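As structure tokens, the structure follows; a few thoughts come after it.
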Amino acid sequence: AFGVAFGGGNASAMTGYPNLLRPLDLGFIRLPNRLVMGSMHMGLEGEPGGLERLAAFYAERASAGLIVTGAFAPNALGTLKGDKAIMATREDAVAHRVIPQAVHAAGGRIALQLVHSGRYGFHKEIVAPSAIRAPINPVVPRALETHEIEAIIDDFATATALAREAGYDGVEIMGSEGYLITQFLCRRTNKREDEWGGPLENRMRFAREIVRRARAKVGRDFLLLFRFSALDLVEEGSTGEEVVALAKALQQDGVDILSSGIGWHEARIPTISQAVPTAAFAFAVRRVRQAVKIPVVASNRIHDVDAAERLLAEGFCDFVAMARPFLADGEIAAKVARGDKAGINPCIACNQACLDHYFGSESTSCVVNPRAGRETELRLSPAPTPKRIAVVGGGPGGLMAAAVAAERGHKVTLYESAYRLGGQFNLASAVPGKAVFADSVAYFAERLRRAEATIRLGAQVHGPGDLDGCDAIVLAAGVHPRKPAIPGIDRSNVVGYGDVLSGRAEVGEHVVILGAGGIGFDVALHLVERDADAQTDPQAFAELWGIDTGAATIGGLRPEGPAKPAAPHTITMLKRSPGRFGA
Ligand code: SF4
């Protein structure tokens, strides 16, 4: 369907996404649309059999204009976790062939991301321009010797050539988010007094040499992307002028596409969480786009295809990168081409099965699409013997089970005791930044409609007798909050989180929240920020967090820091367990 859609000249005009669906021909390669699947570490990169699983994962996402893989290091010291996620030898290139082969067979394009972690590596042998510890890593890095810097540059060039040998269409050199290349670029981490430190020209030398030597190794007809940091959001980061100067220099050195990233991993300002409004950082990408002639990719919290289309139409960028949305739905680009926005499974930016899994050393998946990363195991095939299935509960679990069962050909009836679908997701959607949870419910309701499942709202199910007759029952009746035995818990001024989030209870000025996990914090946010604009308005977000949208300040941070708005409640949070709040 993807190939057919792009074969016809009028397809893009018909769908209302003419900019997203406009191909880009670079002469040696044609990218069929302007949607890039941004790099994500899947936790499979260095695992036995991981490349085969990644091949299946990427192949299902081949309708993107370009896929960028998760991080692979050009040498052992540059790995993120001291694992085998490396592109350094002939054997590595041969092992990788399965990935580009699978993507090409599915009609896609794919670039390998090359990252040297520098002081962000979570292993003992980490290196950096200067021996300065990262606030998010207990290990102090060793400062690189000059000959080691030269060797790393050569390793990047070799890895680029090996990527070509493996069959990739290009590489993305990772120069943002605070990894080694960024560590060279900024005074924050580069205190060197040799030709690799000091003035900008010296600090840029590492990035520029990598690009030049990589280009020299592979020639002109291999895609070279460089991911630059459009906004560092840390003290002693780059100014806007320095970012533009780097972009112009890289263009001169042979980069085909400038991809962008926002914020170092150690930045205190949220860059991808639910608190960030749509396209909040696009202003910084436009600044670069206006200064160079090569295509520029915008990223970070552009999770909606309408927003992507608008950014392209208004000249903020030439491509839009989405990462997590491609976990939630691998077929975004194909669905855009079909004009099927209602069929796109929205990422709810919860980070629970993607980032939390990765940092917890589990492989990455997705809360709203458990197949992500498990394409070789979870194959949803038509049921050999269709059954009558009753699903009790219309929250996210019940909705997912009912949709999959109905799509496999079972006759499904879903029973929900409330008069609307969604369960806990409806409560969650009242939390600032979580309105997208309602979109998730709407998406699953649409899937049920298309699969012709029957939905019974207001249905109280006390036992099998309340069901219409079925061969199997899926119990997805949800959770009830515990009521701890605390003296006074039955008093009229004690209410549950559901009462607050649903609006059944109004609370006064002074509030005590018992429980400091995710829901405790959600309730606090709901009370403090529910009337604020910072989750929807990029300007209000910038003011709240102290982001300078001009070009002059260092790291994009306002000297006066974040705003301190008056809050409608004073809140005290208490927890009964030991350990950190929010742990
Ligand atoms: Fe998005 Fe949550 Fe899925 Fe991660 S787990 S991709 S944040 S919906």
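As numbered in the numbering used here, residues 787 to 1369 make up the sequence shown, in order. Backbone N, C-alpha and C fix where the C-beta goes; we use that ideal spot for every residue, glycine too. Source: prediction; values computed, not measured.
Less than 8 Å between the CB of residue 853 and some heavy atom of the ligand SF4, yes or no? Placement of the Cβ of residue 853 at a distance of 8 Å or more from every heavy atom of the ligand SF4 is found.
Contact test: residue 732 Cβ vs the ligand SF4 heavy atom, cutoff 8 Å: Nothing about residue 732 can be reported from this structure: the residues present for the chain run from 787 to 1369 only.
Need the endpoints of the beta strand (DSSP E) that residue 1359 sits in, please. In the DSSP annotation of this structure, the continuous segment of the beta strand (DSSP E) that includes residue 1359 starts and ends at 1356 to 1360.
Indicate, with yes or no, if the ligand SF4 has a heavy atom lying under 8 Å from the CB of residue 1189. Residue 1189: no, Cβ never under 8 Å from the ligand SF4.
When the Cα atoms are used, what is the spatial distance from residue 869 to residue 1171? Rounded to the nearest angstrom, the two C-alpha atoms are 44 Å apart.
Which of the three DSSP states is assigned to residue 1105 in this structure? Shown here, residue 1105 sits in a strand according to DSSP, grouped into three states.
Could you tell me whether the Cβ atoms of residue 865 and residue 904 are closer together than 9 Å? Inclusion of residue 865 and residue 904 in the CB contact set at 9 Å is not warranted, their separation being larger than that value.
What alpha helix (DSSP H) runs, 4 residues minimum, are completely inside the segment 1165 to 1203? Those alpha helix (DSSP H) runs which fall completely within the segment 1165 to 1203 and span 4+ residues are 1182 to 1193.
Assigned secondary structure, residue 820 (DSSP; H/G/I helix, E/B strand, else coil): In the three-state reduction of the DSSP assignment, residue 820 falls in the coil class.
Tell me the residue span of the beta strand (DSSP E) that contains residue 754. Because the chain is modelled from 787 through 1369, residue 754 falls outside the range shown and cannot be assessed.
Helix or strand or just coil, what does DSSP make of residue 956? Residue state, collapsed to three classes: strand.
Find the nearest neighbour of residue 952 within the set 960, 982 and 873, judged by alpha-carbon distance. Measuring from the Cα of residue 952, the nearest candidate turns out to be 873.
When we look at the beta-carbon of residue 1166 and count the other beta-carbons within 10 Å, is it buried (16 or more) or exposed? By the neighbour-count rule (16 or more Cβ atoms within 10 Å), residue 1166 is not buried but exposed.
With DSSP as the reference, label residue 1288 as helix, strand or coil. Secondary structure at residue 1288: helix, using DSSP grouped into helix, strand and coil.
Taking the alpha helix (DSSP H) that residue 1370 falls in, what are its first and last residues? For the chain, the structure presents residues 787 to 1369; residue 1370 sits outside this window and is missing.
Rounded to whole angstroms, what is the Cα-Cα separation between residue 1210 and residue 1225? Going by the C-alpha atoms only, they are around 13 Å apart.
heavy atom of the ligand ZN below 8 Å from residue 1137 C-beta: Although the ligand ZN was asked about, the structure shown includes only the ligand SF4 as ligands.
For the beta strand (DSSP E) containing residue 1240, name the first residue and the last one. For residue 1240, the enclosing beta strand (DSSP E) covers residues 1240 to 1243.
For the segment 1048 to 1056 and the segment 999 to 1019, state whether three or more C-beta atom pairs, one from each stretch, are separated by less than 8 Å. Touching, yes.
Rounded to whole angstroms, what is the Cα-Cα separation between residue 1266 and residue 1369? Going from the Cα of residue 1266 to the Cα of residue 1369 covers about 22 Å.
Are there any heavy atoms of the ligand SF4 lying less than 8 Å away from the beta-carbon of residue 818, as far as the coordinates show? No, the Cβ of residue 818 stays beyond 8 Å of every heavy atom of the ligand SF4.
Could you compute how far the alpha carbon of residue 1079 sits from the alpha carbon of residue 1037? Those two C-alpha atoms are separated by around 8 Å.
Let me check one thing: in DSSP terms, what residues is residue 1010 bridge-paired to? Residue pairing from DSSP places residue 1010 in a beta bridge opposite 957.
Between the C-alpha atoms of residue 969 and residue 1043, what's the straight-line distance to the nearest angstrom? Here the alpha carbons of residue 1043 and residue 969 stand approximately 21 Å from one another.
Distance, Cα to Cα, residue 1198 vs residue 1282? Between residue 1198 and residue 1282, the C-alpha separation is close to 33 Å.
9 Å Cβ cutoff met for residue 743 and residue 1011: Outside the displayed range of the chain (787 to 1369) lies residue 743, so it cannot be described from this structure.
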